[in-house]
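Mapping to my numbering: the sequence shown position 244 is 244, numbers consecutive.
Every residue, glycine too, gets a C-beta built ideally from N, C-alpha and C.
Since the model is a prediction, treat every value here as computed from it, not as a measurement.
These notes are about the structure you will find just below.
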Amino acid sequence: MKKKILIFLMAAAASTLVQAAEEMVLDIDTAVKLALENNLALQSEKIDLGIKKRAMDRAWNVFIPDLKAGISLTRMNEEITVMPPGEPYYWTLSASVQANFPLSMSIAPGIRNTVLEYQAGAISLEGAEKKLNREVRKSFLRLLLLEENIRLLEQNIKTASRRYEQAKINYENGLVPELTMLSSRVALENLKPALENAKIAFRSAVLQFKQMLGIDRQTNIIITGSIEAERLSFEAETLIKKYPSGRLDVQSLIKSIQILENSKQLALNTGLTPVLSFTYSYNPGLSDPFNTDWGIGGNWSDKGMFGIGLTLPLDGFIPYSKTNNSIQDLEDNIEKTRLALAQTLRLAEMEIESIVMGINKSARALEVLDFNVKLAQKAYDLAEEAYKAGAADLLEVESANDELQKAKLEVLNEKYNYQAGLLDLEYALNTTLEEVRRNHEKE
Numbered sequence: 001m002k003k004k005i006l007i008f009l010m011a012a013a014a015s016t017l018v019q020a021a022e023e024m025v026l027d028i029d030t031a032v033k034l035a036l037e038n039n040l041a042l043q044s045e046k047i048d049l050g051i052k053k054r055a056m057d058r059a060w061n062v063f064i065p066d067l068k069a070g071i072s073l074t075r076m077n078e079e080i081t082v083m084p085p086g087e088p089y090y091w092t093l094s095a096s097v098q099a100n101f102p103l104s105m106s107i108a109p110g111i112r113n114t115v116l117e118y119q120a121g122a123i124s125l126e127g128a129e130k131k132l133n134r135e136v137r138k139s140f141l142r143l144l145l146l147e148e149n150i151r152l153l154e155q156n157i158k159t160a161s162r163r164y165e166q167a168k169i170n171y172e173n174g175l176v177p178e179l180t181m182l183s184s185r186v187a188l189e190n191l192k193p194a195l196e197n198a199k200i201a202f203r204s205a206v207l208q209f210k211q212m213l214g215i216d217r218q219t220n221i222i223i224t225g226s227i228e229a230e231r232l233s234f235e236a237e238t239l240i241k242k243y244p245s246g247r248l249d250v251q252s253l254i255k256s257i258q259i260l261e262n263s264k265q266l267a268l269n270t271g272l273t274p275v276l277s278f279t280y281s282y283n284p285g286l287s288d289p290f291n292t293d294w295g296i297g298g299n300w301s302d303k304g305m306f307g308i309g310l311t312l313p314l315d316g317f318i319p320y321s322k323t324n325n326s327i328q329d330l331e332d333n334i335e336k337t338r339l340a341l342a343q344t345l346r347l348a349e350m351e352i353e354s355i356v357m358g359i360n361k362s363a364r365a366l367e368v369l370d371f372n373v374k375l376a377q378k379a380y381d382l383a384e385e386a387y388k389a390g391a392a393d394l395l396e397v398e399s400a401n402d403e404l405q406k407a408k409l410e411v412l413n414e415k416y417n418y419q420a421g422l423l424d425l426e427y428a429l430n431t432t433l434e435e436v437r438r439n440h441e442k443e
């Protein structure tokens, strides 16, 4: 019996440990860290960046000569007669070692291209990380908003339940008609579906959040934090003058222009400039290898060659040639990318102004909504007291409560909009609010 009890306790303890291991407490920074570590798309981008870094670090390998080595055994169709007269033979064994080292004007832009490609990859990775950072933080705040909404609904149900119990007592004591009691019961039951819908919406949002963080859907997460934020005010024109050029989409287009210009230079140097080549070859051979001494006294022959050559491609000088067309295509693509850059800067200015307008609107709205909550709370308290004293009916209390909950929910939604706006502004400026504040204080 004691053994069974011990086994049961051990199993219960193990189950508790497993449940504890599957529970995860998250604040907003921990959530961002998990997402950055587990996101598969980011991992793929990091691999791409690693490939580009390796190409950049080893770009000097263009100075390694092209080396080849070979060996061949050949049989002639007709016998080979040697002079002075000796034994004719058919077979020849030969080896070869060749080295070729070309020097051209395309080496420098070729090396620079690996550097530019790596820098472009780094910008792309940084953009992906910051976008994921913003989305995780907004999703986290959304969960906090949904949790607060559930708490409000639960509080509504508790209040409605107390009101129903009071109406029931009053009805049993003959103080109110049955209609009042039934109305309070209906008001209570009407709140329950809204609470269930809110819980389903929260669970669905949690599942999406887990997927974003790359954690198992069975893991129970507990989010900690607040949707509160310091109220700040921004001037759009000040931000537009300073920050658009530092945006990652702008930097990416600038880097694309640099890559295209370098590619154009590479095409010019490859198609219109000469190539200086240094070649060396060494070709030892052995005649009649099956019937001769392989030592020093054998029929060995040593052949070698060193050469310097200068070649100049001519098709690039011909109008409408393939080389000429490719250079013109690069020039057109450079112009297109410059136009895209100008358009991106214009859109960036409008985006920053729009975000700032939304933030400032939310900050002003929160001041009004906070005051509305105080007024609605006072109106509800007065209606509740009047109802208890018999000076107000249930409908007045419910109406006051509806207005109070509506005011509280509007505050929550506006707080989320304000926080989300701040995150969008950080992303749009490619900086932090602390940096914006420091720059503003310096000015």
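DSSP state of residue i, grouped into three classes?
| i | result |
| --- | --- |
| Thr-74 | strand |
| Thr-114 | helix |
| Leu-312 | coil |
| Leu-268 | helix |
| Val-176 | coil |
| Met-105 | coil |
| Leu-274 | First, the amino acid is wrong: residue 274 is Pro here, not Leu. Three-state DSSP puts Pro-274 in coil, outside helix and strand. |
| Asp-302 | strand |
| Ala-389 | coil |
| Ile-215 | coil |
| Ala-128 | helix |
| Glu-341 | The sequence as given places Leu at residue 341; Glu does not occur at that position. Three-state result, Leu-341: helix. |
| Asn-333 | helix |
| Gly-225 | coil |
| Thr-92 | strand |
| Leu-67 | strand |
Excluding the 5 residues flanking residue i on each side, which residues of the same chain have their C-beta closer than 6 Å to its C-beta?
| i | result |
| --- | --- |
| Gly-271 | Pro-313, Gly-316, Thr-323 |
| Thr-114 | Ala-55, Met-56, Ala-59 |
| Asn-430 | Gly-246, Arg-247, Leu-248 |
| Leu-67 | Ala-99 |
| Asp-424 | Ile-355 |
| Val-32 | Asn-133, Val-136 |
| Lys-46 | none |
| Arg-438 | none |
Within 10 angstroms of its Cβ, does residue i collect 16 or more other Cβ (buried), or is it exposed?
| i | result |
| --- | --- |
| Gln-155 | exposed |
| Thr-159 | buried |
| Met-181 | buried |
| Val-186 | exposed |
| Lys-415 | buried |
| Ile-51 | exposed |
| Gln-419 | buried |
| Asn-38 | exposed |
| Glu-367 | exposed |
| Val-25 | exposed |
| Phe-306 | exposed |
| Ile-169 | exposed |
| Leu-175 | exposed |
| Arg-162 | exposed |
| Gln-405 | buried |
| Ser-362 | buried |
| Leu-286 | buried |
| Asn-197 | exposed |
| Ala-342 | exposed |
| Ala-21 | Note that Ala-21 has pLDDT 47, beneath the 50 cutoff, so the model's placement of it is unreliable and the number below is only indicative. It counts as exposed. |
| Gly-121 | buried |
| Phe-63 | exposed |
| Glu-385 | exposed |
Among residues of its own chain, excluding the 5 on either side of residue i, which ones have a beta-carbon nearer than 8 Å to its beta-carbon?
| i | result |
| --- | --- |
| Leu-422 | Ala-229, Leu-232, Ile-359, Leu-433 |
| Leu-36 | Leu-42, Glu-129, Leu-132, Asn-133 |
| Ile-334 | Ile-257, Leu-260, Glu-261, Lys-264 |
| Ile-157 | Leu-188, Leu-191, Lys-192, Leu-195 |
| Leu-207 | Arg-217 |
| Leu-40 | Gly-214 |
| Gln-211 | Arg-217 |
Going by beta carbon distance, what residues of the same chain come within less than 7 Å of residue i, once the five residues before and after it are set aside?
| i | result |
| --- | --- |
| Phe-209 | Ser-139, Leu-143 |
| Leu-116 | Lys-255, Gln-258, Ile-259, Asn-262 |
| Leu-330 | Leu-260, Ser-263, Lys-264, Ala-267 |
| Ser-183 | Leu-394 |
Under 8 Å by Cβ, that's how I've got residue i and residue j pegged, so tell me the actual separation to the nearest angstrom.
| i | j | result |
| --- | --- | --- |
| Leu-369 | Ala-407 | 7 Å |
| Leu-145 | Leu-412 | 6 Å |
| Pro-244 | Glu-349 | 6 Å |
| Leu-34 | Leu-409 | Not quite, the Cβ-Cβ distance comes to about 30 Å (not below 8 Å), so this is no contact. |
| Ser-94 | Ser-72 | 5 Å |
| Ala-236 | Glu-351 | At roughly 10 Å, the Cβ-Cβ gap does not stay under 8 Å, so Ala-236 and Glu-351 are not in contact. |
| Ala-383 | Ala-365 | The Cβ separation is near 26 Å, so there is no contact. |
| Lys-303 | Asn-283 | 4 Å |
Answer with yes or no whether the minimum CB distance from residue i to chain D is below 9 Å.
| i | result |
| --- | --- |
| Lys-46 | Absence of chain D from the displayed structure is noted, only one protein chain being present. |
**Item:** At least three beta-carbon pairs within less than 8 Å, the region 188-199 to the region 91-107
**Value:** Too few Cβ pairs lie closer than 8 Å, so no.
**Sufficient close CB pairs (3 or more, under 8 Å) joining the region 96-103 to the region 266-284** = Between the region 96-103 and the region 266-284 there are three or more C-beta pairs closer than 8 Å, enough to call the two in contact.
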